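Report on the following structure.
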Amino acid sequence: MLLSSIDCPGGRDVLAKITRGIRRKRDLRTSEVAERMGLPLRTYELFEAGGGRLSLDRIRKFAEATDSDPFAIILSVAFEDAGFALACADTKLALILAMHLQGFYEERGADITFLEPPNIIGAFERIFKELGKKLDDNEDFLRRWFDGRTGAISLGSLSVRGVRRRKA
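This is how it looks when you write it as C-alpha cells:
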C-alpha cells in the first residue's frame, strides 16, 4: 500500500535530526538501518539527510528498524522539534497514546462525536498531570539516592551486558 507523502515546512531538517539522533542513540551504522529498512544504502543516506521521499511508510519502516516511536517521529515533524521523537524513542509515549485512541474509537465508534472538547481537555490534563507526578517522584527519589550515597561503585558490580563496542 503506497502511503502519501508528508509536506511540512521545515520537516525535512527536523526529520534529519530525528533519524540521525535515533540511529546514534541505538548505536547503529547507516548500513544497518538501510538493511533493516530494505533500502539501498544511498537511498537511506538521502532519507537520513532529509532528502528524498518523506512518507508515512518510510517513517514506519525507520521506526521498526530502530525500535523507536513512529507516531512521535510524525508529531515531531509537525511540531518542528526533533526532541520529542528522541525523548519518546524508548518509552513509545506517542505510540501508546495512538494505540489507546484507536482502541477507544473501536470500542465507541462514531459516538466519540458527542464528546465535548472541554471534557477531552480535562481528561488529558488529568492524565498528563499524573504522568508529571510520576516524573517528579522519580526525580525526588534519584536526588535523595544520590545525596545519601556514600563510597564508590566498583566496576565489577556494573553490568556491561548489551554494551556494544565500536569497531575501529
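Per numbering that gives the first Met the number 0, the sequence shown runs over residues 0 to 167.
Beta carbons: idealized from backbone N, C-alpha and C, even for Gly.
Since the model is a prediction, treat every value here as computed from it, not as a measurement.
8 Å contact criterion, which residue i and residue j should meet: CB distance rounded
i: R22; j: V32; result: 6 Å
i: A81; j: G20; result: 6 Å
i: T65; j: L27; result: 7 Å
Cut-off 6 Å between Cβ atoms - residues of its own chain near residue i, not counting five sequence neighbours on either side
i: E106; result: none
The ligand MG heavy atom lying under 6 Å from the CB of residue i
i: R19; result: You won't find the ligand MG in this model; it holds no ligand whatsoever.
Residue i versus the options, residue with shortest Cα-Cα distance
i: L74; options: A84, T65, D66; result: A84
i: L96; options: L130, M36, T65, T29; result: L130
i: R57; options: A77, F140, M36; result: M36
i: C87; options: A62, Y104, I120, Q101; result: A62
Close-in-space but distant-in-sequence residues of the same chain around residue i (CB under 8 Å, 5 per side omitted)
i: F123; result: none
i: T29; result: R22, L40, Y43, E44, E47
i: W144; result: none
Counting Cβ pairs closer than 8 Å, one from the stretch 74-94 and one from the stretch 109-119, do we hit at least three?
no
Specify whether the stretch 39-50 and the stretch 70-86 touch according to this definition: at least 3 beta carbon pairs, one from each stretch, less than 8 Å apart.
no
Length at least 4, wholly inside the stretch 83-154: the alpha helix (DSSP H) runs in chain order
92-107, 116-147
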